[in-house]
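Novice: Residues in the sequence shown are numbered from 33 upward in steps of one, following my numbering. Built from N, CA and C at the ideal position, the CB exists for glycine as well. Being a predicted model, the structure only gives us computed values, none of them experimental. Sharing a structure with you now.
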Amino acid sequence: MPATVIVGLQWGDEGKGKTTDFLAEQVAMVVRYQGGDNAGHTVVAGTETFKLQLCPSGVLYPHITSVIGNGVVVNPATLIAELEMLAARGIDVSKVRVSRSAHVIMPYHVALDRANEGRLGGARVGTTGRGIGPTYGDRAWRLGLRMEDLLDREVLRERIARALPDKNLLLEAMGAPGFTVDELVDQAAAWGERLAQHFDDSTWLVQDALRRGDHVLLEGAQGTLLDLDHGSYPFVTSSNPVAGGACTGGGIGPLQVDEVIGVMKAYSTRVGSGPFPTELFDDVGRGIAERGHEFGTVTGRPRRVGWFDTVPLRYAVAVNSNSAIVLNKLDILSGIKTIRLCVAYEIDGKRVETWPSSGSALSRATPIYEDFEGWEQPIHDVRSLGDLPEAARRYVAALEEHAGVPIVFVSVGPERTQTIERAWRPMRHRPTMPA
Ligand code: GDP
Ligand code: IMO
Ligand code: MG
Numbered sequence: 033m034p035a036t037v038i039v040g041l042q043w044g045d046e047g048k049g050k051t052t053d054f055l056a057e058q059v060a061m062v063v064r065y066q067g068g069d070n071a072g073h074t075v076v077a078g079t080e081t082f083k084l085q086l087c088p089s090g091v092l093y094p095h096i097t098s099v100i101g102n103g104v105v106v107n108p109a110t111l112i113a114e115l116e117m118l119a120a121r122g123i124d125v126s127k128v129r130v131s132r133s134a135h136v137i138m139p140y141h142v143a144l145d146r147a148n149e150g151r152l153g154g155a156r157v158g159t160t161g162r163g164i165g166p167t168y169g170d171r172a173w174r175l176g177l178r179m180e181d182l183l184d185r186e187v188l189r190e191r192i193a194r195a196l197p198d199k200n201l202l203l204e205a206m207g208a209p210g211f212t213v214d215e216l217v218d219q220a221a222a223w224g225e226r227l228a229q230h231f232d233d234s235t236w237l238v239q240d241a242l243r244r245g246d247h248v249l250l251e252g253a254q255g256t257l258l259d260l261d262h263g264s265y266p267f268v269t270s271s272n273p274v275a276g277g278a279c280t281g282g283g284i285g286p287l288q289v290d291e292v293i294g295v296m297k298a299y300s301t302r303v304g305s306g307p308f309p310t311e312l313f314d315d316v317g318r319g320i321a322e323r324g325h326e327f328g329t330v331t332g333r334p335r336r337v338g339w340f341d342t343v344p345l346r347y348a349v350a351v352n353s354n355s356a357i358v359l360n361k362l363d364i365l366s367g368i369k370t371i372r373l374c375v376a377y378e379i380d381g382k383r384v385e386t387w388p389s390s391g392s393a394l395s396r397a398t399p400i401y402e403d404f405e406g407w408e409q410p411i412h413d414v415r416s417l418g419d420l421p422e423a424a425r426r427y428v429a430a431l432e433e434h435a436g437v438p439i440v441f442v443s444v445g446p447e448r449t450q451t452i453e454r455a456w457r458p459m460r461h462r463p464t465m466p467a
């Protein structure tokens with residue numbers, strides 16, 4: 033039965049939270065497969081707005097099993113606060129499962145992330161300061177702590193004592209205070225006690241669900257252009273948001289994925305540093321930022337805003353093997369006289385239509401635009417594609433043509449119901465595996 037991956041096609045904040053929540057109504061399980069509390073996913077249900085950092089965006093439905101997969105890095109303090117926030121707002125969190133193998137973001141990871149960004153000065157990545165890079169770094173270096181380690185003080189003491197001396201040396205060299213083993217063991221053990229009831233073997237949870245024939249959604253955080261391998265390194269995050277990451281971080285094999293839904297918005301935004309060829313510095317950009325409330329969910333930083341760029345779109349659709357696309361925030365473009373769509377770059381005097389893997393080539397790229405007539409009227413209340421202004425339909429059709437993949441939903445507002453659904457046949461279905 034179907035496993036559907038939801039993946040951001042741009043630099044994050046494409047509206048994955050809204051899309052996941054929208055689709056979650058029809059599924060049994062939603063799994064976050066990478067990233068950590070650098071993510072901020074917004075779900076608007078009626079008059080209620082939820083900002084989720086670690087729990088998958090299906091958590092608002094009581095029937096959903098919400099899984100934080102092995103590929104996620106978990107700051108237990110953030111998770112506890114989020115579970116408490118949800119419970120206080122009447123959401124049942126008893127079905128939130130956390131992989132025992134997910135790595136733990138320790139206080140020294142957060143401190144190192146922030147101190148390192150300070151030291152980089154103008155060359156900083158502009159991270160969310162959540163300790164993401166140092167935690168994934170320790171995971172690769174085999175110095176990390178996993179969630180299950182929180183349950184055993186002896187293991188905690190041994191692993192923290194092994195990792196901490198180097199961390200303290202680095203922190204001291206960067207002028208930041210260090211930590212003691214004792215305080216960290218106490219803190220971590222308390223987290224373990226609080227979260228133990230949520231721990232599980234997430235891989236078998238997901239595998240059993242698929243074997244039962246349940247529909248599983250795998251929710252990506254960040255986006256393809258922030259992918260550690262596929263984004264503009266080093267201005268990327270430290271995990272693999274691309275669809276392949278759903279396999280390693282969610283505990284499924286590539287042949288278990290039936291559908292890969294790409295989520296994008298009708299223009300571009302980026303938080304943090306790094307090349308952004310279509311970035312706008314004028315009133316049009318400021319207007320989009322204002323109408324689209326383009327401020328980081330996690331850090332509150334203003335997001336950089338630009339025109340939609342089809343060059344990385346084609347790349348993203350290729351590396352994710354997207355079978356369908358969701359287009360969000362079309363409503364934000366109402367009232368713009370001329371909408372520009374980047375169709376290629378000029379780099380060193382040559383027209384380039386493929387996303388350059390070289391960061392330096394990208395930083396020399398000048399966008400080549402195709403202009404589209406805009407539309408005046410608000411479209412929040414439109415519920416069928418045919419009722420959109422003709423100019424909006426032409427713009428959507430152009431995006432779809434560049435993607436080469438059907439746009440199955442068009443979103444015209446943050447609320448669940450502000451969604452245009454098109455007839456949609458999932459690309460392929462596999463026969464159910466024998467039990
Ligand atoms: P995510 O990180 O991909 O889940 O996206 P964020 O939640 O960080 O940012 C998307 C923002 O746009 C949120 O505030 C959403 O409520 C909002 N949003 C999503 N879809 C739409 C839409 O179609 N129109 C408008 N106006 N807002 C939207
Ligand atoms: P969601 O899931 C937008 C960006 C940071 C920075 C870079 C590295 O809400 O789309 P990190 O803290 O991960 O080491 O920062 O990645 N970034 C995001 N930008 N949306 C996100 O998540 C992001 N998560 C990280 O701004 O440029
Ligand atoms: Mg976000």
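Relative to the alpha-carbon of T269, which residue among S443, I164 and V128 has its alpha-carbon at the smallest distance?
Specialist: Looking at the Cα atoms, I164 is the closest of the given residues.
Novice: Should P410 be counted as a contact of the ligand GDP given a C-beta to heavy atom distance under 7 Å?
Specialist: P410 Cβ: outside cutoff for every heavy atom of the ligand GDP.
Novice: Is it buried or exposed, D69, if we count other Cβ atoms within 10 angstroms and call 16 or more buried?
Specialist: buried
Novice: From the DSSP output, which residues share a beta bridge with L260?
Specialist: L260 pairs with nothing; no bridge assigned.
Novice: Which same chain residues, not among the five before or five after R333, have their C-beta less than 6 Å away from its C-beta?
Specialist: V303
Novice: To test your reading of the DSSP string, which unbroken beta strand (DSSP E) runs of 3 or more residues are found completely within the segment 217 to 261?
Specialist: 248 to 251
Novice: Does S131 come out as helix, strand or coil in the three-state DSSP assignment?
Specialist: For S131, the three-state secondary structure derived from DSSP is strand.
Novice: What do you reckon, are the CB atoms on R162 and H135 nearer than 8 Å?
Specialist: no
Novice: Could you tell me the distance, in whole angstroms, from the CA atom of R372 to the CA atom of N352?
Specialist: When rounded, the separation of the alpha-carbon atoms in R372 and N352 is 25 Å.
Novice: Under 6 Å Cβ to Cβ from L177, same chain only, skipping five residues before and after it: list those, please.
Specialist: V136 and R191
Novice: In three-state terms, what does DSSP make of M206?
Specialist: coil
Novice: With a Cβ-Cβ cutoff of 8 Å, do K199 and Y140 count as a contact?
Specialist: In this structure, Y140 lies closer than 8 Å to K199 by Cβ.
Novice: What does the alpha-carbon distance come out to for the pair L118 and V130?
Specialist: 16 Å
Novice: Quick one, which of L202, R396, F54 and N102 has its alpha-carbon nearest Q450's?
Specialist: F54
Novice: Would you say the beta carbon of G332 comes nearer than 7 Å to a heavy atom of the ligand MG?
Specialist: no
Novice: Check whether chain E comes within 8 Å of H230, counting only Cβ atoms and requiring the distance to be less than that.
Specialist: The displayed structure is made up of one protein chain only, and chain E is not part of it.
Novice: Quick one: what's got a C-beta closer than 7 Å to E453's C-beta in the same chain, skipping five residues either side?
Specialist: F441
Novice: Please specify which runs of the beta strand (DSSP E), each continuous and at least 3 residues long, are wholly inside the segment 321 to 364, giving them in chain order.
Specialist: Correct list: 336 to 338 and 356 to 360.
Novice: If the criterion is Cβ atoms closer than 8 Å, does the pair A356 and E408 meet it?
Specialist: no
Novice: Terminal residues of the continuous alpha helix (DSSP H) containing G49?
Specialist: K48 to A56
Novice: Spatial neighbours of A35 within its chain, please: C-beta separation below 7 Å, excluding the five flanking residues on both sides.
Specialist: L242, V248, L250, I284, Q288, V289 and D290
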